[in-house]
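Asks:
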Amino acid sequence: QVQPVESGGGLVQPGGSLRLSCVASGSMFSLYAMGWYRQCPGKQRELVAAVARGDNTNYVESVKGRFIISRDNVKNTVYLQMNSLKPEDTAVYYCNSVPALQQYWGQGTQVTVSS
856 QVQPVESGGG LVQPGGSLRL SCVASGSMFS LYAMGWYRQC PGKQRELVAA VARGDNTNYV
916 ESVKGRFIIS RDNVKNTVYL QMNSLKPEDT AVYYCNSVPA LQQYWGQGTQ VTVSS
């Protein structure tokens, strides 16, 4: 299996925006719903946004109205547009299938929200 490759993280001030990208294998992308997960310091990894193959989306309550997940089925890429970022959004962000499969955890991308 080929793990997804996440990118787009960085340091941003509170209220700022970032766009994360994740390129996955064609087989993974065609078979599964995709999601963005994050692991905040000292906390367990959580699913924050998911997009089904039919483009239905779901979000954890803490990011509703601020984050937008989307997928490009031609490029095998899933995106996470993050707006109005808060310090509590600081985490390593990963993409994976939904539900997550162990073999598809990648390196993630660090997002730090700080002034």
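Just add 855 to the spot in the sequence shown (first one is 1) and you have the numbering used here. Just so you know, even glycine gets a beta-carbon here, dropped at the ideal spot from N, CA and C.
1. Quick check on Gly963 - is its C-beta less than 8 Å from some C-beta in chain D?
2. Quick check on the DSSP output: the alpha helix (DSSP H) that includes Leu886 runs from which residue to which?
3. Would you kindly report the start and end of the unbroken beta strand (DSSP E) that includes Asp927?
4. Within a Cβ cutoff of 6 Å, which residues of the same chain sit near Leu940, ignoring the five residues on either side of it in sequence?
5. Beta carbon of Ala905, beta carbon of Ala888: below 8 Å?
6. Pull up the distance between the alpha-carbon of Arg893 and that of Ser917, whole angstroms please.
7. Can you tell me whether Ser872 is helix, strand or coil according to DSSP?
8. May I have the straight-line CA-CA distance separating Gln899 from Asn911, to the nearest angstrom?
9. Which of the three DSSP states is assigned to Gln962 in this structure?
10. Going by Cα to Cα distance, which pick from Gly863, Ala955, Ser885, Gly864 is closest to Arg926?
11. Do Phe922 and Tyr934 come within 8 Å of each other at the CB atom, strictly closer than that value?
Replies: Judging by the given coordinates:
1. As a matter of chain content, chain D is missing from the structure shown, which is built from one protein chain.
2. 881–886
3. 922–927
4. Val867, Gly871, Val968
5. yes
6. 12 Å
7. coil
8. 25 Å
9. coil
10. Ser885
11. no
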